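What follows is a short report on a single structure.
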Amino acid sequence: MSWRNSISRACSEKMFYRTVVALLAGLPVAEFITEIICRFNDDIIPSFFQPQILMAFGIIGTFITVLYWVSSDHRKRRFRIADVFYFTLIFFMVISAVFSLNPGVYARGYAFYCENPLHFLAYYWLYFAGTLIDDGKYRKNILFVYLGVALFEGIFAFLQTFDIELAYCPSYHAERAAYGLTQNSNFYAGMCVVFVACAAGLFIFSDEIGLSKTMRRLILALAAFLFYTMLGSRARLAWVGFAGMVIFYLISLVIMYRRDKEALKPVVKRSLIIFGCFLAVFLIAFFFTDYIREATVRSYWEVANGDVDKIGSDRIYNWKKGLESVPKHWLTGVGLDNYSYVFVSDPDYEFGMYVQEKGHNEYLHTMVTQGIPALINYLALLVFACSGAVKSILKRASGEERAVTWILLGMFTAYAVQAMLNSSIINVVVYFWLVVGLITPRTVIGHNKSALNSTDL
27 MSWRNSISRA CSEKMFYRTV VALLAGLPVA EFITEIICRF NDDIIPSFFQ
77 PQILMAFGII GTFITVLYWV SSDHRKRRFR IADVFYFTLI FFMVISAVFS
127 LNPGVYARGY AFYCENPLHF LAYYWLYFAG TLIDDGKYRK NILFVYLGVA
177 LFEGIFAFLQ TFDIELAYCP SYHAERAAYG LTQNSNFYAG MCVVFVACAA
227 GLFIFSDEIG LSKTMRRLIL ALAAFLFYTM LGSRARLAWV GFAGMVIFYL
277 ISLVIMYRRD KEALKPVVKR SLIIFGCFLA VFLIAFFFTD YIREATVRSY
327 WEVANGDVDK IGSDRIYNWK KGLESVPKHW LTGVGLDNYS YVFVSDPDYE
377 FGMYVQEKGH NEYLHTMVTQ GIPALINYLA LLVFACSGAV KSILKRASGE
427 ERAVTWILLG MFTAYAVQAM LNSSIINVVV YFWLVVGLIT PRTVIGHNKS
477 ALNSTDL
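Take 27 as the starting number for the sequence shown in the working numbering and just add one per residue.
Written out as structure tokens, the structure reads:
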């Protein structure tokens, strides 16, 4: 057996799948252990180990990927458009880091915000791994891993709405606001809306997935529970992400109606059931908590105040400052995860003035920190992945394969919409990058797609 054959076996689809699951499930578990430790050790703070764990996976994942490419000749692996995006993502990340106006500093070193090059390598490896995982069983299992993480995070988030905390929150959260194990209620909201989309999709397409009645009911209960904790985060961006998911499913139902009216009936029934549950939870939150009223009043006063810059908790001002830097630094940006530079470089800046380490809009943040070409590349990837997923849904023969892709696309939509108001954070965005990879089409460059065989992984 040749050494390339040995590497090929070691870097199999199963290896990528297991490593991905280990990371996604391991991050919240590590945080749980950390929050217990920090009760007895003042030198350890919440989220102390998560950045290091992700950096380690960035190195390990990249190493596995390199070995995979070394053995690609043996497996007769054809080069894909998805592979091009993997390399362009790394290219723009490296260029931005090298030409940073504040070299070696990322989000001013803040532990909960900082995204350094090794973190980005982990993101891009998750994306690449997702493009390789095509086995239906693995893809379905990943959805249940998401539900497991959602339940684990949700338990702590629910308790936090009663001010019951495992440790303490060193970052931002309002009183009695859910933040799970993310250390920020906005971050939890962004992650939770993805989990809600996952649970909703699994319930809606439970027949196609082959779920039992008991499992279907458990998932419905979990979806309602997660929706409550999402509202309990008090983050308005979650409402935006949830609205995006609702619109996605409305469009999906129209598409299904045109393709197969008979198959649509049970899907519509389950859709009405789950959105009825969401409405019931919303009404409970409205009448028995201040989640809805407080967010509504806050939004009203931001508009009534007359200061446009204050809208969205100062997001408009934050975005304006970021956009001011683009004309001068459009090619490589101000530096990888170096958004705060647009504030501190202002001639009128004085210590103590308003500064943000993130753009609170992932697309704007990418443009400001990495440049316009990097943003175009990122958006092109998202469009390619999304359009490919839609084509896959319309063409695939297997009902289960279509359903899984549909669910993933709903999760993709929920995150992509809320990302217009949120920030990329290491213990949240990892769940998105894998989804992007899982829905990305396996389009071969320069070869007839019918020529693909089972060795092309």
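Note that beta-carbon positions come from the ideal geometry of N, C-alpha and C, so glycine has one too.
Being a predicted model, the structure only gives us computed values, none of them experimental.
Limits of the unbroken alpha helix (DSSP H) element including residue i
i	result
W356	First-last for W356: undefined, no H or E at that position.
E288	287-314
M81	76-96
A137	No alpha helix (DSSP H) holds A137; DSSP gives it neither H nor E.
M256	239-258
D109	107-124
P54	39-63
M446	Note, M446: premise wrong, no alpha helix (DSSP H); not H, not E.
C195	Where C195 is concerned, there is no enclosing alpha helix (DSSP H), given that its DSSP letter is neither H nor E.
L4	Residue 4 falls outside the range modelled here, since the chain spans only 27 to 483, and no answer is possible.
P399	398-421
H386	Run containing H386: none; DSSP gives neither H nor E here.
T322	317-330
R104	First-last for R104: undefined, no H or E at that position.
Inter-residue Cα distance where the pair is residue i and residue j
i	j	result
A108	F125	26 Å
G397	E350	13 Å
F117	F314	51 Å
L478	I159	Reliability fails at L478, whose pLDDT of 42 lies under 50, so the model's placement of it is uncertain and no value is given.
T439	A289	23 Å
Y205	I471	43 Å
S476	V220	Because S476 carries a pLDDT of 46, less than 50, the predicted location of this residue cannot be relied on, and the following value inherits that uncertainty. About 34 Å.
N387	V175	25 Å
D333	K347	15 Å
I281	V294	12 Å
V171	F42	15 Å
L435	V47	19 Å
E234	R296	12 Å
A250	I300	8 Å
R284	R165	27 Å
V272	I310	20 Å
S98	S38	11 Å
W356	P399	8 Å
V323	F312	13 Å
V120	P143	7 Å
Q186	Q209	11 Å
A123	L246	44 Å
Integer-rounded CB distance, given that residue j should sit under 8 Å from residue i
i	j	result
G227	I433	3 Å
T88	L173	Contact flag wrong, Cβ pair sits at about 28 Å.
Y139	K336	That belief does not hold up - the Cβ atoms of Y139 and K336 are roughly 22 Å apart, past 8 Å.
F231	A429	4 Å
G216	Y441	7 Å
S304	F253	Residue identity check: residue 304 is Phe in the sequence provided, not Ser. Their Cβ separation, rounded to whole angstroms, is 5 Å, which keeps F304 and F253 in contact under 8 Å.
A445	Y404	Wrong, their Cβ atoms sit about 11 Å apart, outside the cutoff.
V443	G267	5 Å
F213	I451	5 Å
G414	T358	Contact flag wrong, Cβ pair sits at about 29 Å.
I44	T469	Checking the sequence, you will find Arg at residue 44 rather than Ile. With a Cβ gap of about 26 Å, R44 and T469 do not count as contacting.
G270	L460	That pair is no contact at about 19 Å.
Own chain residues within Cβ distance below 6 Å of residue i, not counting five before or after
i	result
F178	P54
C412	none
M393	L401
L115	Y150
A133	Y139, C140, D363, E383
Nonlocal neighbours in the same chain, by C-beta distance under 7 Å from residue i, ignoring five residues either side
i	result
R262	A321, S325
W265	none
L127	V360, G361, N364, Y367
F154	T91, Y112, G463
A193	E61, C64, R65, P72
M27	Unreliable positioning characterises M27 in this predicted model, as indicated by a pLDDT of 49, which lies under 50. The coordinate reading is nonetheless provided below. No residues qualify anywhere along the chain.
V381	S366, F369, V370
Same chain, Cβ closer than 8 Å to residue i, five either side skipped, listed in chain order
i	result
V456	L49, L50, L53, L80, A148, Y149, L152
S211	Y198, H199, A200, A203, A204, Y205, S259, R260, A261
A56	F75, Q76, I79
Below 8 Å, can you find three or more Cβ-Cβ pairs linking the stretch 228-242 to the stretch 253-267? Segment contact: the stretch 228-242 against the stretch 253-267, fewer than three CB-CB distances shorter than 8 Å; contact not assigned.
Any chance the stretch 337-344 sits against the stretch 370-377, with 3 or more Cβ pairs inside 8 Å? A contact is defined here as three or more CB-CB pairs under 8 Å, and the stretch 337-344 fails this definition with respect to the stretch 370-377.
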